[in-house]
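**Student:**
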Amino acid sequence: MHDSSAVAYVLAPHLYTTRSGPVRVLTEGIAVGQTILKPSTMPVPAPAWDSRPECKACIGVDAAGMLALYENTVCAKP
Numbered sequence: 226m227h228d229s230s231a232v233a234y235v236l237a238p239h240l241y242t243t244r245s246g247p248v249r250v251l252t253e254g255i256a257v258g259q260t261i262l263k264p265s266t267m268p269v270p271a272p273a274w275d276s277r278p279e280c281k282a283c284i285g286v287d288a289a290g291m292l293a294l295y296e297n298t299v300c301a302k303p
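So the sequence shown is numbered by my numbering: it starts at 226 and just counts up by one.
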């Protein structure tokens, strides 16, 4: 996520779709470096995630709305 998108989320969270659940970052194997979120709605046991705190991850954005917010904020006349 770029800095401007992080700021936009603080200003207008309604522009973003989020998903909650524990997150892990793989440090070995074929998926090294990948961030994986186990959705809290997934009812299957997942012992590797049990001790992880719940996080909120952005999985979608209203791109036109975010760009309009960016333009209106950056190009606003004082």
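Here a beta-carbon is modelled for each residue, glycine too, at the ideal position from N, C-alpha and C.
Indicate whether Arg277 and Val250 have their beta-carbon atoms separated by less than 8 Å.
**Tutor:** It is not a contact, given that the beta carbons lie outside the stated cut-off.
**Student:** In chain order, what residues of the same chain lie with their CB nearer than 7 Å to the CB of Asp287, ignoring the 5 residues before and after it?
**Tutor:** Excluding positions up to five away in sequence, the list reads Leu240.
**Student:** Within the continuous alpha helix (DSSP H) that includes Ser229, where are the two ends?
**Tutor:** Its alpha helix (DSSP H) spans residues 228-236.
**Student:** Can you give me the start and stop residues for the beta strand (DSSP E) that Ala282 sits inside?
**Tutor:** First-last of the beta strand (DSSP E) with Ala282: 279-286.
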